[in-house]
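For reference, the structure is listed below as structure tokens.
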Amino acid sequence: MPLMVFFGCTMIAFGPSLAMFILTIAKYPLKIILLVVGAFCWLLALLFSALLWLAVVPLKEQLAFSLVFSVIFQEGMRYGLFRMMKNAENGLDDALSEDEKKSISNHKLSYTTGFGFGLMYGLFSIVNVLSQSIGPGSVGIDGHSSNFMLISAFLTSSTILLHTFWNVIVFDALNKQQYYKVITVVCLHMLVSCCSLLNVQQNLAYVSVIVSYIVLIGTTVWAFKAAGGSVVNIKSCL
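Positions 1 to 238 (UniProt numbering) are the ones given, in order, by the sequence shown.
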């Protein structure tokens, strides 16, 4: 049974992102490099969050405090990632071949770096949970949700996708100087993250999943439009 939980939660958490990686990134070496760049930026945000957590000793036990500043650092690094890609744009144009330029044209660059950003978040958020799912012990024995691991897996899957689509939206908004969209993304990120605090309450654990997937549906449509998608595109694809 523990192995079934482990593999089930792993597939829920990383199944969609694995499919996206295989279909859209794996065959492009340049995209893999950009994915690593996005992942490294998220690691920097984690480092800054950890340093703040160590520095503010009286609030170490306040998870909400660390969470809020973690979101701020992540969004700050997303902006830093945008500036870095923008500054490197001319150099990339000179160094890349036409096929390589085509592989990261339009919104493909923001999609790829955002995917790396979200994937690294997913790995850090679920690895400890998966390691504990093998046992020994029983989830929920102290009054917490007995479906904690399942909830964590669904949240990880949705947040990886959210970071990918948020990156597309933010890069497009910054290029067009539509800063209200950036603020909206930050607020949505804060909402989804703060709702995860409810996971410790058995009766409220599902609220974070519901909120996360509602935001994901809206964000998916928003990112699709930001990338130039339309109903006509969907019909043409079908």
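Virtual Cβ for every residue (Gly too), placed ideally from N, Cα, C.
{"Query": "Enclosing alpha helix (DSSP H) for G38 [first to last residue]", "Result": "P29 to A55"}
{"Query": "Counted within 10 angstroms of its Cβ, other Cβ atoms place Q62 as buried (16 or more) or exposed", "Result": "exposed"}
{"Query": "Under the three-state DSSP convention, the category E98 falls into", "Result": "helix"}
{"Query": "At least three beta-carbon pairs within less than 8 Å, the stretch 18-26 to the stretch 109-119", "Result": "yes"}
{"Query": "Which of helix, strand or coil DSSP assigns to E61", "Result": "coil"}
{"Query": "Chain-order list of residues whose beta-carbon lies under 7 Å from that of F69 (same chain, five-residue window excluded)", "Result": "S49 and L52"}
{"Query": "Secondary structure of Q177, DSSP reduced to three states", "Result": "coil"}
{"Query": "Cβ-based neighbour list, C195, same chain, cut-off 8 Å, excluding 5 preceding and 5 following", "Result": "V207, S208, V211 and S212"}
{"Query": "Proximity winner among G15, L67, L46 and G8, relative to L198 (alpha-carbon distances)", "Result": "L67"}
{"Query": "Helix, strand or coil at I210 according to DSSP, with G and I counted as helix", "Result": "helix"}
{"Query": "Expected contact under 8 Å - CB spacing of T164 and Y79 to nearest Å", "Result": "Rounded, the Cβ-Cβ distance is 16 Å, inconsistent with contact."}
{"Query": "Alpha carbon of V56 to alpha carbon of K102, nearest angstrom", "Result": "46 Å"}
{"Query": "Top-ranked residue by Cα proximity to G76, from V231, A88, C41 and D99", "Result": "C41"}
{"Query": "Start and end residues, alpha helix (DSSP H) containing I134", "Result": "Unbroken run through I134: none, as it is neither H nor E."}
{"Query": "Whole-Å CB distance - V170 paired with V192, under 8 Å assumed", "Result": "In fact, because the Cβ distance is near 15 Å, the residues do not count as touching under 8 Å."}
{"Query": "I25, DSSP secondary structure in three states", "Result": "coil"}
{"Query": "Length of the line joining the Cα atoms of F21 and I32", "Result": "9 Å"}
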